[in-house]
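*Asks:*
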Amino acid sequence: MPQTTRAAVVESGGAPFTLCDVVLDDPGPNEAVIRLVAAGVCHTDLGVASGGLPFPLPGVLGHEGAGVVEAVGAAVTRVAPGDHVVLSFTSCGDCRDCRGGHPAYCSTWLPLNLLGGRRADGSSTLGRDGEPLGGHFFGQSSFAERALADERSLVKVDADVPLTSIAPLGCGVQTGVGAVWNVLRPAAGDTVVVLGAGAVGLSAVMAAALSPATTIVAVDRITERLRLAQELGATHTVDPGSADLAESIAGITGGRGADGVVETTGNVGVLRRGVDTLAARGTLVVVGAPPFGTEVALDVNGLLGGKRVVGLTLGDSETQTFIPALVELVKRGRLPLHRLIGTYAFEDIGRAVRDMTEGKTIKPVLTFAGP
Ligand code: ZN
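Everything in the sequence shown is counted per my numbering, starting at 56 for the first residue and increasing by one.
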C-alpha cells in the first residue's frame, strides 16, 4: 500500500518550502523506502526551488539524504531493512560510462536526476490529492520523512557513524573531494587553488590537505570562511576584493602559477581569472554551475602551455567505493565535516535556507524526528 509521508513541497518557482502530506508510491523491484534521519541542503536545491532549472513543480527536492532502510523491492540485493545508508545520485548502471566506473556521466544523468522528476519509465514516485508531484530528484527527493530511492542511489555505511554528520557526502562533499582526488590528483609539491570557500570549496581544501599538495590557497570574499579554510588546511588565503588574484597566486608560487584550480563559484569572471592563474600543464576543474546557456571567453594562446579546463559532476565518483572511504575518514576525524554543518529540525527548513543564503551556515543539515 502506498504510504503517506510528510514532505517539504515547493509549489512553483520562487515559492517557499511548505510541509504537507504526500503519498509515496510502493517500491519497485529495484527501489527501497528510506526513513530519513538527516538531509543536507545544497545550492542546487535552491536553484530549482527558485525556478532556475526546469524541474517539474510542485515537487519535492533534497539530494543529500541519509537514513535507515525500511523496505526493499523484490530485486534489491545491496541493502536490507535496518541498514544505514547515504543517498546519492542515481544512474542507469548499463551505459558505457556507468560500466566504466563513471556513473556521474551516465547517459541518462540529466533526466534521471535533475530534470525529469519521475522514474526512467515515466511513472511518478510521489503524489498528492491524486495528482503526481515532481519527485525522484537525484533519485531520492529526500526533503521528506520517507523517500523512495533507486538501489543505485543507496550506499550502505557504517552504523556507528552519526547520519547527521555524513548526509552531505551524497553531493557537496563528494564533489569537492572528487575534484581534488579524482581529477587534479596532486603530485608532491603542487599548488592547489580553491575558488570559493563554501561547502564544496572547503571540502576541496580538506581533500587537498590529505594529498601531496604542499600549497593550498583558499579564495573568498568572506573573512570568516577564509579563517575556517586555514583551520581546515589552507596554507594561504586570498580575498579577491582586496588583492588581485593573479598577482597573489604569482607571489605565493614564485611566479609559477597554480598546478590545480577548483572553481566552485559558478561565476564566469572568476572562472576566467582562475584559468589565467594556471601554471604550465595546470588543470582547472569547473564545479560551480552558472545558469544554463552561459558561455565564457578564454585566451586561447594562454592555453597552449598544456593547460586544461575540465568540467566535473559529483566528483566523478563511483559512489559505492568513494562514499564509504569518506565515511571512514569522518569516523577517524580526518575529514572534519562537522566544521561546515549547522543542524535544523525539518520543520525549520525555511530558516535553514535563509541562513544558507545569507552565508550564516555553510552546510545546513535537516534532522528528522525518530521513527
Ligand atoms: Zn548509465
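All residues carry an ideal CB built from backbone N, CA and C; glycine is no exception.
At a cut-off of 7 Å, is ASP371 close to the ligand ZN when judged by its beta-carbon and the heavy atoms of the ligand?
*Replies:* no
*Asks:* For the beta strand (DSSP E) holding THR199, just list the boundary residues, first then last.
*Replies:* One detail in the question is off: residue 199 reads as Ala in this sequence, not Thr. ALA199 -> no beta strand (DSSP E), and no H or E assigned at all.
*Asks:* Ignoring anything shorter than 3 residues or poking outside the region 108-175, list the beta strand (DSSP E) runs there in chain order.
*Replies:* 120-127 and 139-142
*Asks:* Note down the Cα distance separating ALA400 from PHE198, rounded to an integer number of angstroms.
*Replies:* So the alpha carbons of these two residues sit roughly 11 Å apart.
*Asks:* Can you list, in chain order, the residues of its chain whose CB lies under 6 Å from that of LEU265, leaving out five sequence neighbours each side?
*Replies:* Within the same chain, LEU265 has no close Cβ partners at all.
*Asks:* Below 8 Å on the Cβ atoms is my guess for ARG328 versus ALA301; work out the distance and round it to an integer in Å.
*Replies:* 7 Å
*Asks:* Is THR163 near the ligand ZN, in the sense that its beta carbon is under 7 Å from a heavy atom of that ligand?
*Replies:* yes
*Asks:* State the beta-bridge partners of THR59 as determined by DSSP.
*Replies:* VAL78
*Asks:* Below 8 Å, can you find three or more Cβ-Cβ pairs linking the region 342-360 to the region 168-179?
*Replies:* no
*Asks:* At a cut-off of 7 Å, is GLY148 close to the ligand ZN when judged by its beta-carbon and the heavy atoms of the ligand?
*Replies:* yes
*Asks:* I want to check one thing, is the minimum distance from the CB of PRO158 to the heavy atoms of the ligand ZN below 7 Å?
*Replies:* yes
*Asks:* With the cut-off set at 8 Å, would you say ARG183 and VAL78 are in Cβ contact?
*Replies:* Between ARG183 and VAL78, the C-beta spacing is below 8 Å.
*Asks:* Helix, strand or coil: which one does DSSP assign to GLY306?
*Replies:* helix
*Asks:* Please report the distance separating the alpha-carbon of GLY414 from that of ALA254.
*Replies:* 11 Å
*Asks:* Using 7 Å as the cut-off, classify the Cβ of ASP176 as near or not near the heavy atoms of the ligand ZN, replying yes or no.
*Replies:* no
*Asks:* What residues match up with GLU66 in a beta bridge as DSSP calls it?
*Replies:* According to DSSP, GLU66 bridges with nothing at all.
*Asks:* Note down, in chain order, each residue of its chain lying with its Cβ closer than 6 Å to the Cβ of PRO187, except the 5 sequence neighbours on either side.
*Replies:* SER179
*Asks:* Using only the alpha-carbon positions, how far apart do VAL30 and THR374 sit?
*Replies:* A query on residue 30 cannot be resolved here, the shown segment of the chain reaching from 56 to 426 and no further.
*Asks:* Would the region 233-249 and the region 299-315 be scored as touching if the rule is three or more Cβ pairs under 8 Å?
*Replies:* yes
*Asks:* Are the CB atoms of THR230 and GLY370 nearer to each other than 8 Å?
*Replies:* Taking a C-beta distance under 8 Å as the contact criterion, THR230 and GLY370 qualify as a contact pair.
*Asks:* Less than 8 Å separating the beta-carbons of SER206 and ALA94?
*Replies:* Just to set this straight, residue 206 is Glu in the shown sequence, not Ser. No, Cβ-Cβ distance for GLU206 and ALA94 is not below 8 Å.
*Asks:* On the DSSP letters alone, give me the boundaries of the alpha helix (DSSP H) that ALA264 sits inside.
*Replies:* 254-264
*Asks:* Please confirm whether any heavy atom of the ligand ZN lies closer than 7 Å to the CB of ASP152.
*Replies:* Correct: ASP152 has its Cβ closer than 7 Å to the ligand ZN.
*Asks:* Are GLN195 and GLY117 touching if we call contact CB-CB under 8 Å?
*Replies:* Against a cut-off of 8 Å, the Cβ pair of GLY117 and GLN195 comes out as a contact.
*Asks:* Just curious, the beta strand (DSSP E) that PRO439 is in, first and last residue?
*Replies:* Limits of the chain in this structure are 56 at one end and 426 at the other, which puts residue 439 out of reach.
*Asks:* Who are the Cβ neighbours of LEU287 in its own chain at under 8 Å, not counting the five residues just before and after it?
*Replies:* Taken in chain order, the residues that qualify are LEU257, VAL260, MET261, ALA264, PRO391 and ARG394.
*Asks:* Rounded to the nearest angstrom, how far is the Cβ of VAL140 from that of ILE89, given a contact under 8 Å?
*Replies:* 6 Å
*Asks:* How would you label VAL355, buried or exposed, when you count the other beta carbons within 10 angstroms and need 16 or more for buried?
*Replies:* VAL355 is exposed by the Cβ-count criterion.
*Asks:* Name, in chain order, the residues that DSSP records as bridge partners for PRO419.
*Replies:* GLY397
*Asks:* Taking the alpha carbon of PRO160 as the reference point, which residue from SER372, LEU384 and GLU383 has its own alpha carbon closest?
*Replies:* For the sequence presented, residue 160 should be read as Tyr rather than Pro. For the residues SER372, LEU384 and GLU383, the minimum Cα distance to TYR160 belongs to SER372.
*Asks:* Let me know the secondary structure DSSP gives ARG90 once reduced to three states.
*Replies:* strand
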